[in-house]
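In the numbering used here, the protein residues as written are 12 to 336.
Positions of the beta carbon are idealized from the N, C-alpha and C atoms, including for glycine.
Since we're looking at a predicted model, the values are computed, not measured.
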């Protein structure tokens, strides 16, 4: 497959290249694009050198690739993705720009792969926290029908890109923060993305709305609190799910053990549970601390951890492309 990466020198763009190689994706042609300041840089992929090209409108003039991964932000996607889609390229967009558009499928291949085939040129990659959440929730929803979901996220600084990592490194040294609203070292910040009406942040609204769309379940009541924590990589989520139907914990564990893309790590006797330190660099979604909510017999608590740059962005995008091989 001939592919292009737009935003190839950013954190997600670099991760896409790494995951393409890790998964032995059949690349027969590769074009890399970035901002003019990165043009001319050389990137190595599978023992070959590729020169970064500047991104401009000419990218849509008889493109020599079939699939384009966008990893350069919403404004770039808004401008260039439709041009490539009109030129017959399948666009897999990592930004939030198209996610809630009615005609754009929002795809997590473990859950709704058939939606990808209904695209009109653009396929949206969900928010990183949403991806790992729904990989764990979807099989349980299918079995017991989720009624209400409460998300509390603990999100690593890599979710804010290189600026987030730089802020953590700087504030650990006692230097001034530049990206986050407050110093992130030795701190947690209950604020990710801009605040919207009603006091929720855009990150929280993404999780609420995207979960409903991916699960095709607009009836589910969902609320979220998203928190930035001083962890380099891998997001952690505490999820409380209330079901319409009764469930046994043993059945929940069995379902999760058999779910595509899920690894159950849950042994309280030996203090074993998912942690960011053990999940970075992995493509699976790790689930532990599985227990009934003692305040509600039809509710469940789970702890979900995954690499937000890989499964939360690059890997999920490449899994979407693999559906077309």
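Fill in: In DSSP terms, what residue 380 is bridged to
Look at the range of the chain in this structure, 12 to 336, and you will see that residue 380 is not part of it.
Worksheet item: Going straight from the alpha carbon of residue 281 to that of residue 151, what length do you get?
Response: Separation of residue 281 and residue 151 (C-alpha to C-alpha, rounded to the nearest whole angstrom) is 26 angstroms.
Worksheet item: Is the shortest distance between the beta-carbon of residue 329 and the beta-carbons of chain C less than 8 angstroms?
Response: The structure shown contains no chain C; it is built from a single protein chain.
Practice prompt. Measure the CB-CB distance between residue 342 and residue 256 and report whether it falls below 8 angstroms.
Written response: Outside the shown range of the chain, which is 12 to 336, sits residue 342, and nothing can be said about it.
Worksheet item: So what does DSSP say about residue 65, is it helix, strand or coil?
Response: strand
Worksheet item: Start and end of the beta strand (DSSP E) containing residue 253?
Response: 246-254
Worksheet entry | Buried versus exposed, by CB contacts within 10 Å (16 or more), residue 186 | exposed
Discussion item. If I follow the unbroken alpha helix (DSSP H) through residue 166, where does it start and stop?
Written reply: No alpha helix (DSSP H) contains residue 166, which is instead part of the beta strand (DSSP E) from 157-166.
Worksheet item: For the stretch 38-114, which segments carrying the alpha helix (DSSP H) assignment without a break, of at least 4 residues, lie completely within its bounds, in sequence order?
Response: 85-97
Worksheet item: In whole angstroms, what is the alpha-carbon distance linking residue 64 and residue 42?
Response: 8 angstroms
Fill in: Residue range of the unbroken beta strand (DSSP E) whose run includes residue 235
232-239
Practice prompt. Could you spell out the range, first to last residue, of the alpha helix (DSSP H) harbouring residue 328?
Written response: Counting along the chain, the alpha helix (DSSP H) containing residue 328 begins and ends at 326-333.
Worksheet item: In its own chain, which residues sit with a C-beta less than 6 angstroms from the C-beta of residue 109, not counting the 5 before and 5 after it?
Response: 115, 133 and 135
Worksheet item: How is residue 146 classed by DSSP in three states: helix, strand or coil?
Response: helix
Fill in: residue 316 and residue 297 closer than 8 angstroms at C-beta
yes
Worksheet item: Going by Cα to Cα distance, which pick from 209, 141, 204 and 328 is closest to residue 248?
Response: 141
Fill in: Nearest neighbour of residue 172, chosen from 139, 184 and 222 [CA to CA]
139
Fill in: Assigned exposure category for residue 265 - 16 Cβ within 10 Å defines buried
exposed
Worksheet item: Hey, is the stretch 289-307 in contact with the stretch 193-213, meaning 3+ C-beta pairs nearer than 8 angstroms?
Response: Taking 8 angstroms as the limit for Cβ pairs, the verdict is that the stretch 193-213 does not touch the stretch 289-307.
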